[in-house]
Amino acid sequence: MAISHAPPVAIPTPRTSRTGRRVLFFGTYDARRYPRVRVLQEGFAALGDDVLKCNVPLRLDTAARVRMLRRPWLVPLLAAKLAATWIRLIARSRRFRGVDLIVVGYMGHFDVHLARLLWPRTPVALDHLVSARDTALDRRVSSRWLIRLLDGLDRAAVKAAHFPCVDTAEHRERVSVAARGRSVVVPVGAPSDWFYPPVRPASGRVRVVFFGSFTPLQGAPVIGEALRLLAHDDRFTFTIVGRGQDYEETRAAAGPANVEWIDWVEPEQLPYLVACHDVCLGIFGTGPKALRVVPNKVFQGAAAGTAIITSDTPPQRQELGDAAAYVPADDAPALAAELQRLADDRERLWELRVAAFGRANERFHPSAVIEALNARLPAPEPVAAVRPVAA
């Protein structure tokens, strides 16, 4: 698919009072690969806060970290990479004093401890979007000692943070009782560059997109099987973006379906690519983690003005309400049938697109996502703004 660029739409103004805090985003997070950090940064900026960044990306995605932990002889390599980034972070941290809040970005299980050491008197919020233990189980790690180790890592990270942030109420219930009262549910949301109001096509095929890393949680083989069932229905075109653990199984299941397989799309191009489709597919896995999350792609697909079809789970219904179509998890025939219903009823398809974008506009924009965390934070100290100083 040829990708051209169109300007995204700037959506709402903040609905909470302006705070004027100095908020420092800290850690080894990778904002380009994982847009959750940008959602929080844009949210604080919308509140009128001064958003600062002390960031050295570790450049190891979740899959790479899991691979290293499965091979204990590679753990020293992980430790060495982490130490090298921390040395740079410590050097940069000297530029930032007098901040009101530290936000440790996504996958900051280790970074949160460094943040507490560097700013012992400053509140620290940890974006605990991913449980290391749950991720390992979802990736089918079977080592009991490793699962126990990762569970301890999760607990220590949450304990270190003043405000652990999780994405759903179901995940909050899994936080230790001692930390649950400090925990805040902050939905994943979507960055502002994902917001494209839907444009009604004059006619043509139903354009369906799925993008992801093909983890078991996503249930991509279910999508592949549904595509095979629709292989001879020429009302559809399918675009599948990404690679990962279940990619080969998914591609084999899809068979001769009319699919464009794209291994990689630059993060800056992905929002517009998705917005050029009618339907965005969510997740269809059946593991415990799949039943507790609302994935990135659901928030982003809604913001891009596509109709959402995803598995019928409590957190997804809670977040999306009537602005999505739901099918049972791990049920390829049900997914294929729902796609056929939308192809039969183009008015219903359009209504779902409009509803999804409306829901995203109201609840998934950074200025809305940040409200729950903002409500829990202490007021800033009444001092003059502090600028970063030269190193």
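Quick note: the sequence shown uses the numbering used here, first residue 68, plus one each step. Each residue gets a CB set at the ideal place from its N, CA and C atoms; glycine is no exception.
Local Cβ density within 10 Å of residue i, reported as buried at 16 or more and exposed below that
i           : result
residue 74  : The predicted position of residue 74 is uncertain, since its pLDDT is 42 and thus under 50; no value can be drawn from it.
residue 299 : exposed
residue 434 : buried
residue 244 : exposed
residue 250 : buried
residue 164 : exposed
residue 198 : buried
residue 437 : buried
residue 261 : buried
residue 266 : exposed
residue 301 : exposed
residue 360 : buried
residue 256 : buried
residue 318 : buried
residue 464 : It is not possible to answer for residue 464, since the shown part of the chain is limited to 68 through 458.
residue 326 : buried
residue 446 : exposed
Cβ pair residue i, residue j closer than 8 Å
i           : j           : result
residue 411 : residue 373 : no
residue 53  : residue 156 : Lying outside 68 to 458, the shown extent of the chain, residue 53 is not represented and no answer is given.
residue 207 : residue 283 : yes
residue 423 : residue 357 : no
residue 92  : residue 106 : no
residue 286 : residue 329 : no
residue 392 : residue 375 : yes
residue 352 : residue 390 : no
residue 223 : residue 214 : no
residue 225 : residue 239 : no
residue 279 : residue 320 : no
residue 195 : residue 233 : yes
Inter-residue spacing [alpha-carbon to alpha-carbon] between residue i and residue j
i           : j           : result
residue 159 : residue 150 : 14 Å
residue 231 : residue 407 : 42 Å
residue 382 : residue 388 : 10 Å
residue 405 : residue 378 : 12 Å
residue 102 : residue 185 : 25 Å
residue 189 : residue 444 : 12 Å
residue 264 : residue 420 : 9 Å
residue 439 : residue 347 : 27 Å
residue 127 : residue 241 : 26 Å
residue 338 : residue 367 : 8 Å
residue 386 : residue 362 : 11 Å
residue 115 : residue 191 : 19 Å
residue 146 : residue 152 : 10 Å
residue 409 : residue 187 : 55 Å
residue 125 : residue 143 : 14 Å
residue 442 : residue 254 : 14 Å
Helix, strand or coil at residue i [DSSP, three-state]
i           : result
residue 231 : strand
residue 376 : strand
residue 366 : helix
residue 77  : Caution applies to residue 77, whose pLDDT of 46 falls short of 50 and renders its modelled position unreliable; the value that the coordinates give is listed next. It is coil, neither helix nor strand.
residue 353 : coil
residue 327 : strand
residue 278 : strand
residue 437 : coil
residue 95  : coil
residue 306 : strand
residue 339 : helix
residue 199 : helix
residue 117 : strand
residue 392 : strand
residue 211 : helix
residue 191 : strand
residue 89  : strand
residue 168 : strand
residue 253 : coil
Reference residue i, options the options, closest by Cα
i           : options               : result
residue 228 : 205, 182 and 216      : 182
residue 171 : 98, 212 and 238       : 98
residue 168 : 369, 96 and 120       : 120
residue 306 : 277, 324 and 446      : 277
residue 110 : 445, 446 and 431      : 431
residue 459 : 380, 367, 125 and 337 : This structure gives no information on residue 459, because the portion of the chain shown stretches from 68 to 458.
residue 417 : 274, 90 and 100       : 274
residue 288 : 392, 316 and 127      : 316
residue 112 : 100, 124 and 87       : 87
residue 108 : 124, 100 and 90       : 90
residue 333 : 125, 341 and 440      : 341
residue 323 : 415, 367, 295 and 191 : 295
residue 270 : 125, 100, 414 and 367 : 414
residue 459 : 386, 309, 161 and 293 : Past the boundaries of the shown model lies residue 459; the chain is included only from 68 to 458, so the question cannot be answered.
residue 310 : 290, 331, 321 and 144 : 331
residue 281 : 272, 205 and 238      : 205
residue 178 : 154, 303 and 394      : 154
residue 162 : 212, 116 and 122      : 122
Chain C within 8 Å of residue i, Cβ atoms only
i           : result
residue 384 : Among the chains of the structure shown, chain C does not appear; only one protein chain is present.
Closer than 7 Å: residue i CB and nearest the ligand NAP heavy atom
i           : result
residue 422 : This structure simply doesn't include the ligand NAP, nor any ligand for that matter.
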